[in-house]
Amino acid sequence: MDQNRVYFFDTTLRDGEQTPGVALRTPEKIEIAKGLVRLGIDVIEAGFPAASPGDFEAVQTIAREVKGTTICALARCNEKDVIKAIDALKDAERSRLHVFIAISEIHMQYKLKMTREQVLDKVKAILELAKGKVDEIEFSGEDASRADLDFACQVYGTAIAGGATIINVPDTVGYMMPQEFASKIRYIKEHTPGVEKVIISVHCHDDLGLANANSLAAIEAGARQVECTINGLGERAGNVGIEEVVMSLKTRHDYFHDLQVNIDTKQFTKLSKLVSRLTGVAVPPNKAIVGSNAFAHESGIHQHGMLSNPETYEIMTPESVGAEKTNIVLGKHSGRHAFEDHLKNLGFHQTFTEEKINDLFAKFKDLADKKKQVYDDDIIALVVEHMDHKKAFELVSQHYQLGEKGYAYADVRLNTPDGERADAAVGDGPVDASLKAVERVVGMPISLKDYQIRAITAGKDALGEATLKVEYNGRIFHGRGISTDIVKSSVNAYINAVNSIFLAMELEQQEEE
Ligand code: KIV
Ligand code: ZN
């Protein structure tokens, strides 16, 4: 371990996927994972294999297909979880098992219903089971920031004795103040047996908006791994955004004694856009580093200063995070090669087949015919919409007609697992009528729980994106669709949600066999 280097562990695909309303499919996770490799990430937490068959499959596929970094899987401190995680990781170039158990009194008493001794025994037993079966083991004491510090040191010491080489100190509920957290890290560094041989990691949630401050304070106190996500996604208020920690260390290298960071910061903007599009979670315009206003100077005084010398108001350049203006990039006269090249510039690293590129290019031409100006965000949306994954249902055609008093009539034709099927329905407006028609074709009791529509770029001819949530058998599924016609976006979003239900059912069936 290099003490002058800070290692970055990305958990966008695990804690980030716990963001309310986020559900990623395996091809989308692979795209993000490949983007993270381009960023130079040290470790990718690919998922929690015991959580569902879909999670297992995603971690296994990432372990097989994503090379050039360490792939990590999360497991609770029990045999079943650990065996599943080790199994999912077996094809990784370098594998890391991440085991966790709660160590604060409140969690042990009310959640685990376990005593301190039982927790210590569990850690010992689980490490014995896992040792030697993966390249490295990370141990996390969940809610460590609220745990008794001497007990925390005892648990971490037990984990180190059992073979863990990374000990993670999560501020699970985002409760810490920076100096308080730093002093806890120092205490752990001074009082944990064997700590000199391992990396201390931190995992800060942002419930009080202090995740970056707490991560940086922990680094000052000796932590050398930071767990983070792209755009600060994560459970509740999220985890710390990698872009914030890295740019703080780089911009203030004078303050942080030139600590080394192996991250290609020029990748931040495109990766942020890709993750935002794939997860459906918009980046606030005023978000540090990757928000659309992060480098915009509005007031006259600022603009004047910027013209005389950019350093008057700019502590880092837009170029350093890949945020230089690209504006309109391609139009209807652009060729197929320019289009293919541009996909790479936008951060898509899947190896698209000839056929897929041709198909995407045809769709791009179609869009360029409908829209005067095609922006990067339009192209990202288009590719994401047509990313390869198994689709049980696909829209063939849809029509609607407006009637009196806001009523509408709609018909749809879909490709289904039983061949082409069509049906029609009447509803309150064209979206309602079209979704009802889809429901009739699908023939499953699905209820719509949330529905939103927004423009992806500016202008009257902008692509409209529909995102929705549906409930089936007590579970929530997500769907997203885009088109210049918002009724079609809505129908596609609904069909995508139905496809997610089918995928989940299929994976569960495979699990049972
Ligand atoms: O927030 C948390 O404590 C976690 C652990 C699993 C590390 O996500
Ligand atoms: Zn967390």
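Quick note: the sequence shown, position 443, residue 442 per numbering that gives the first Met the number 0, numbers continuous.
Built from N, CA and C at the ideal position, the CB exists for glycine as well.
Where does residue i sit, in a helix, a strand or coil, going by DSSP?
i      : result
Lys468 : strand
Ala424 : strand
Arg439 : helix
Cys203 : strand
Gly478 : strand
Ile288 : coil
Thr69  : strand
Leu232 : coil
Arg24  : coil
Cys227 : strand
Ile31  : helix
Ser94  : strand
Ser247 : helix
If you compare alpha carbons, which of the options is closest to residue i?
i      : options                        : result
Met443 : Ile31, Ser499, Tyr471          : Tyr471
Ile485 : Ile500, Tyr6, His398, Thr228   : His398
Val154 : Phe392, His296, Val98          : Val98
Val133 : Leu148, Ala87, Lys272, Glu310  : Ala87
Ala181 : Leu207, Cys203, Gly405, Lys468 : Cys203
Ser488 : Ile452, Glu505, His477, Ala91  : Ile452
Gly20  : Gly53, Phe501, Ala496, Gln508  : Ala496
Asp340 : Ala45, Gly402, Glu104, Phe360  : Phe360
Ser51  : Gly321, Val65, Leu73           : Leu73
Lys468 : Lys459, Thr483, Leu447, Ser482 : Leu447
Glu318 : Phe392, Ile288, Tyr186         : Ile288
Glu464 : Val383, Ile100, Val320         : Val383
Pro26  : Glu323, His385, Glu507, His252 : His385
Glu116 : His106, Gln17, Arg95, Phe150   : Phe150
Glu78  : Thr69, Leu96, Thr68, Val244    : Leu96
Within this structure, are the beta carbons of residue i and residue j separated by less than 8 Å?
i      : j      : result
Lys331 : Asp375 : no
Ala432 : Tyr408 : yes
Ser247 : Gln224 : no
Val430 : Ile494 : no
Ala539 : Leu462 : Nothing about residue 539 can be reported from this structure: the residues present for the chain run from 0 to 512 only.
Thr311 : Thr11  : no
Val168 : Gly140 : yes
Leu232 : Thr264 : no
Ala222 : Ile184 : yes
Val65  : Lys33  : yes
Gly162 : Asp205 : no
Leu23  : Gln266 : no
Ala101 : Lys110 : yes
Thr171 : Asp142 : yes
Alpha carbon to alpha carbon, how far is residue i from residue j?
i      : j      : result
His194 : Cys152 : The identity of residue 194 in the sequence shown is Val, whereas the question assumes His. Each residue's Cα considered, the two are about 9 Å apart.
Met315 : Val411 : 51 Å
Ile61  : Lys28  : 8 Å
Met305 : Phe7   : 33 Å
Leu345 : Gly131 : 40 Å
Val42  : Arg93  : 9 Å
Asp136 : Asn414 : Position check: residue 136 holds Ile in this sequence, whereas Asp was assumed. Ile136 and Asn414: Cα-Cα distance of roughly 46 Å.
Thr157 : Ile165 : 12 Å
Ala160 : Asp80  : 21 Å
Arg335 : Lys364 : 10 Å
Ala475 : Leu270 : Position check: residue 475 holds Ile in this sequence, whereas Ala was assumed. Distance between the alpha carbons of Ile475 and Leu270: 27 Å.
Leu258 : Gly46  : 29 Å
Gly480 : Glu226 : 32 Å
Could you check how far apart the C-beta atoms of residue i and residue j are, in whole angstroms? I think they sit under 8 Å.
i      : j      : result
Thr466 : Ala503 : With 8 Å as the limit, Thr466 and Ala503 do not qualify as a contact, their Cβ atoms being about 18 Å apart.
Gly478 : Ser499 : 7 Å
Ile40  : Asp90  : Actually they do not touch by this definition, with Cβ atoms about 19 Å apart.
Lys83  : Ala57  : In fact, because the Cβ distance is near 13 Å, the residues do not count as touching under 8 Å.
Ser275 : Asn238 : Not really, about 15 Å apart at Cβ, beyond 8 Å.
Ile198 : Met0   : 6 Å
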